[in-house]
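For the sequence shown, our numbering assigns the number 4 to the initial residue and increments by one for each residue that follows.
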Amino acid sequence: MKVTINKLACSTAVLALMAATPVFAQEVQTGTVVPPVDPTAEQTQAPVGEQEPGADQDIVVTGLRASLERAQSLKRNNSSVVEAISAEDIGKLPQSSVADSLGRLAGLAGERRSGRISGISVRGFREDFVGTTLNGRELIGIGDNRGVEYDLYPAEIVGAAVVYKTPDAGLTAMGIGGTVDIRTVRPLERKRALIGNATFEQNGMKSKNPDFKDNGYRFALSYTDKFANDTIGIALTAATTSSPVQDNYFSVWGYDQAAVTSGPNAGKYVPQGIDISSRSRVLKRDTLAGVIQYQPTDQFTATFDALYINFKDQGVSRGFIEALPVGSNGSTVLSANDTTVTSARTTGFNSVIRTDPLDKKGDLKVFGGNIVYKATPNLDLTLDVSRSESTKRDTRAESYAGLGRAGLATQGPNNLRTWTYTDKGLMFSNNSQTFDDYAIVKLAGPQSWGGSLAPITELNTPAARAAGIGFAQAQDGFVNTARFDEYLNSARLDANYRFEDSFLKSISVAVRYSNHKKSKVNQGFFLTAQSYPSDGPVPEDARRGVADLGWVGLGNVVAYDALGLINSDFYRRWDAGSLEPDRLGDTYSIHEKVWQPSIKADFESELGSIRMFGNIGVQGLFTDQQASGFNALVVSSLRVQATPITDGAKYTRVLPSMNLNFDMGGGHTVRFALAKVVSRPRIDFLNPGSSVKFSNNVANVTNTNPALGPWTSRSGNAELRPYEANQADLSYEYYFASDGFISASAFYKDLRNWNVQTTTVRDFTEFYIPGYHQAVSSDGLTVYTPATFQGINTTYVGGLKGSVKGIELQASLPFRRFISALDGFGVTGGAAFTKGKLDDGSRIPGLSARVFQGTAYFEKYGFSARLSANKRSKWQSEDRGGSNSISAVNRSGQTLVDAQIGYDFAGVGVNYLDRLRVSIQAQNITNEKDTYTDTASGLTTRNETFGRNFLLNLTYALF
4 MKVTINKLAC STAVLALMAA TPVFAQEVQT GTVVPPVDPT AEQTQAPVGE QEPGADQDIV
64 VTGLRASLER AQSLKRNNSS VVEAISAEDI GKLPQSSVAD SLGRLAGLAG ERRSGRISGI
124 SVRGFREDFV GTTLNGRELI GIGDNRGVEY DLYPAEIVGA AVVYKTPDAG LTAMGIGGTV
184 DIRTVRPLER KRALIGNATF EQNGMKSKNP DFKDNGYRFA LSYTDKFAND TIGIALTAAT
244 TSSPVQDNYF SVWGYDQAAV TSGPNAGKYV PQGIDISSRS RVLKRDTLAG VIQYQPTDQF
304 TATFDALYIN FKDQGVSRGF IEALPVGSNG STVLSANDTT VTSARTTGFN SVIRTDPLDK
364 KGDLKVFGGN IVYKATPNLD LTLDVSRSES TKRDTRAESY AGLGRAGLAT QGPNNLRTWT
424 YTDKGLMFSN NSQTFDDYAI VKLAGPQSWG GSLAPITELN TPAARAAGIG FAQAQDGFVN
484 TARFDEYLNS ARLDANYRFE DSFLKSISVA VRYSNHKKSK VNQGFFLTAQ SYPSDGPVPE
544 DARRGVADLG WVGLGNVVAY DALGLINSDF YRRWDAGSLE PDRLGDTYSI HEKVWQPSIK
604 ADFESELGSI RMFGNIGVQG LFTDQQASGF NALVVSSLRV QATPITDGAK YTRVLPSMNL
664 NFDMGGGHTV RFALAKVVSR PRIDFLNPGS SVKFSNNVAN VTNTNPALGP WTSRSGNAEL
724 RPYEANQADL SYEYYFASDG FISASAFYKD LRNWNVQTTT VRDFTEFYIP GYHQAVSSDG
784 LTVYTPATFQ GINTTYVGGL KGSVKGIELQ ASLPFRRFIS ALDGFGVTGG AAFTKGKLDD
844 GSRIPGLSAR VFQGTAYFEK YGFSARLSAN KRSKWQSEDR GGSNSISAVN RSGQTLVDAQ
904 IGYDFAGVGV NYLDRLRVSI QAQNITNEKD TYTDTASGLT TRNETFGRNF LLNLTYALF
């Protein structure tokens, strides 16, 4: 099915004109459009329609069942197709985080990154293609792109969240996948409360790094009150978090079919090298949030809110990075199957102990003001202004150690290992060297990786020449730092007029202006120890013991404070921006100015016994995007030459939408929706700059395959237009209880413009500099010149088409509706079956063909228990690669299982104790790992194991 947008736009206009006239021929009085139910109301509100027996009694439902009722009311009474979550109480979402809760909604899927659910896919589109708002205002993130990192927002500040799968013209932020609106509490709709929350966290997998803990905490205090005869309301929240993660990290560089060239195993896949480490990190986050409401009369309401989040994500990675060479004649192969060498003995490599400190810091500030003035009984005027700003500094450093500096006569021997391919990745045995003795480990680079340091004349010392080494052996580490700065200013003016006794219930005309800028500075520094051209031991005051890599058969390695050494004068720094072109080539600023006029009509009518309601409208998108960056390459001076460049585009899009709903009575509702939706181009794609880079690793320089050789170039495209899709939705919903429903929906998205990364083979001969574009062996004795001058150029283009379609099923089943003896028991769950691809056969980022969610719960007499499972099939994601670049990765399917038990003391009748609620949660009960696979071979390229996690939560209401 294809939706013709021109026809839809015409239909929108015709229906709007017809709706402007009252329906005189209809004698039956029409109903009213039901506003969304307040998710933070003091008592649970029953949905519109038939109530359950006993609904008129004074029964107050709390906890998870109250949360389900509120979320269901939000879903049922919205004129769009939505999913919703609602807090059980102030600061208590059904799951432990906003991201985790969203990932359990039908049609959505959470993505675990670095041990935490952070990303969200909506209908197969990852968060870069999902609009996100906070109280209806467009929200910026602290990520690399447009996507919001949902785990950044503590549960304590959230009253509810609504996911719009079908848009209306009034949404300020739209996405091809949908729109997520995070809603904070409104104090005038709350009763007075002061609630404290304490959570204690324990990793099930002990820290393998001696200087990091495996336990953490979260403390929060929420205060809500009303003053001046309930005309002034305030809500304040303060929260602090320290949350640890442990990670057994296994990765291979890739699989080479040219490693064995003769014998029965020639041409089979062999792992090229490894990056294996024990990782520990801790997220520290401080949050302050406040809301002030002022309503002196029914005609005037002013709301001001502010949010401040400061976070630090710090950690360390300790392990090995090294090649796994095997005999080219297959003599060291121990076992193989039809396609892959499954076990072998390496021929030797001087192992590199790599200690990588991780130091990510940032903050987010959001300020907003909203004024509603009822000019007449039928006319509301609304002014909304906001400013958001964020900064992030992401540092990922590297410090090298081993058996001595490369090229020195005193360097220790190569290390021999036996490896075996298993379902957990490679397992090692019979290692010829150990690396847990500070007496033999030297703090210097064991490999000749310093080819980019050729212009640094300070390294060509008499002592270095006497030792037979030079710049190639001078790299002892590296510091990658990416700095992101972003702001968004916006203002929106809205006029809403309500009609009486008319098919047309209201019409809203709005205009919004936003000014958005995001910049990235890609910095890097080569590190050379002050001991160069010699090497030396790890300083005594930096020693921390040993890190455990026994889980992969690599024993223990020395553990030292690399970050402290890097921040001291232990290393000399050389600016990579003057040596590597992809630093300035990936430094840019994107500036967008957008006007969004819109008109939306809400309508309602009775068609016999059927209540029809919905909305129809159109939104304009007038965009001026400008970008600046650098074209960078290394010239004959062996330094980077960077030329500033600016580019951009202006474009206009017309986005019609229609949501048509039929309340059939008895709890049955049918919904139909049509819309054109867009997602603005990815930020990193809009970088107008470019770079030409040469890799001086021996493996690359000697490879004749352009895709695996040393030459690469990359450029962005500041003239890209938005991702665009025409979409249609059809759904059926049956509400049989205030907390019970079943639904089925189908959707189709016709992708009309998709921006993609594209690669071509190009010739790099014009950039060749003899004596510089080369590689040096680890002993410094052999120089390799490029085996090919062909390489890969990467850029971004639009115009690709495709489609995504899917079916979603969900249910919320309270068992008391079927068997009264099972009062308190229930299940909720959903299933999504999605199919989609682009016309060139490539995958949609974030799309899993199958996603399942389920929660079984019991809640009664103050006791609660629940068991939840999320399962999704394989999908394509992305990850931070070398030089701070983003690259696509293939993730295997996974199933995450959590459980929780709790008790609410409200009914025990004991003073002070009746304000306490206690819960214990276990996460990742089955110890599911994150697995990544190679596109060509299907073999595992990465495994991350995080272990189980346990949380004890205490919530206490002081009043």
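Heads up, the beta-carbon is just placed ideally off N, CA and C, and yes, glycines get one too.
All figures in this text were calculated on a predicted structure; none of them were measured in a lab.
Across the set R73, T182, G122 and G556, the C-alpha of G122 shows the shortest separation from the C-alpha of D882. DSSP places R186 within a strand segment (E or B) once states are collapsed to three. Remark: C-beta atoms of G539 and A562 do not approach each other more closely than 7 angstroms. With contacts defined as CB atoms closer than 7 angstroms, I160 and S393 fail to qualify as a contacting pair. Taken in chain order, the complete beta strand (DSSP E) segments of 3 or more residues contained in the stretch 596-666 are 613-637. R399 and G669 have their C-alpha atoms roughly 58 angstroms apart.
Assignment of F132 by DSSP, reduced to helix, strand and coil, places it in the helix class.
By DSSP's assignment, Y563 forms a beta bridge with R546.
In chain order, P709, A710, T715, T762 and V764 place their CB closer than 7 angstroms to the CB of I795, counting only its own chain and leaving out the 5 sequence neighbours on each side. Nearest neighbour of S876 by Cα position, chosen from A469, T244 and A835, turns out to be A835. Under the criterion of beta carbons closer than 8 angstroms, D826 and K863 qualify as touching, at roughly 6 angstroms.
For D383, the enclosing beta strand (DSSP E) starts and ends at L382 to A404. The three-state secondary structure of A74, taken from DSSP, is helix. When DSSP reads this structure, G794 sits in a beta bridge with R765.
Using a Cβ-Cβ distance cut-off of 8 angstroms, the stretch 372-387 and the stretch 429-438 are not in contact, since fewer than three pairs of beta carbons, one from each stretch, lie closer than that value.
Here W878 is bridged, per DSSP, to R894. CA-CA distance, I686 to I235, rounds to 41 angstroms. DSSP places S346 outside any alpha helix (DSSP H); the residue lies instead in the beta strand (DSSP E), whose first and last residues are V344 to R348.
Here T413 has G407 as same chain residues with Cβ atoms under 6 angstroms from its own Cβ, once five neighbours each way along the sequence are excluded. In the DSSP assignment, Y726 is bridged to S682. Here G333 is not near N433, since their CB atoms are 7 angstroms or more apart.
C-alpha of T531 to C-alpha of R945: approximately 30 angstroms in a straight line. As the crow flies, the alpha-carbon of L587 is around 19 angstroms from that of G453.
Burial is judged here by how many other beta carbons sit within 10 angstroms of a residue's own beta carbon; M667 has fewer than 16 and is exposed.
Assignment of R126 by DSSP, reduced to helix, strand and coil, places it in the coil class. By the CB criterion at 7 angstroms, T423 and S346 fall inside the cutoff. Within the same chain, and ignoring the five residues on either side of T788 in sequence, the residues whose Cβ sits closer than 6 angstroms to its Cβ are Q777. When rounded, the separation of the alpha-carbon atoms in P684 and L327 is 40 angstroms. One Cα belongs to G471, the other to G410, and the distance between them is close to 7 angstroms. Within a 10 Å sphere around the beta-carbon of E503 sit fewer than 16 other beta-carbons, which makes this residue exposed. The C-beta separation of D214 from N206 comes to about 15 angstroms, leaving the pair out of contact by the 8 angstroms criterion. When beta bridges are read from the DSSP output, S338 appears opposite S346. Comparing alpha carbon positions, the residue from E401, S451, Y403 and P536 closest to A466 is P536. D589 is not bridged by DSSP to any residue.
Cβ-Cβ separation between A158 and V248: approximately 18 angstroms, too far for a contact (criterion under 8 angstroms). A Cβ-Cβ separation of about 5 angstroms places D605 in contact with K508 under the 8 angstroms criterion.
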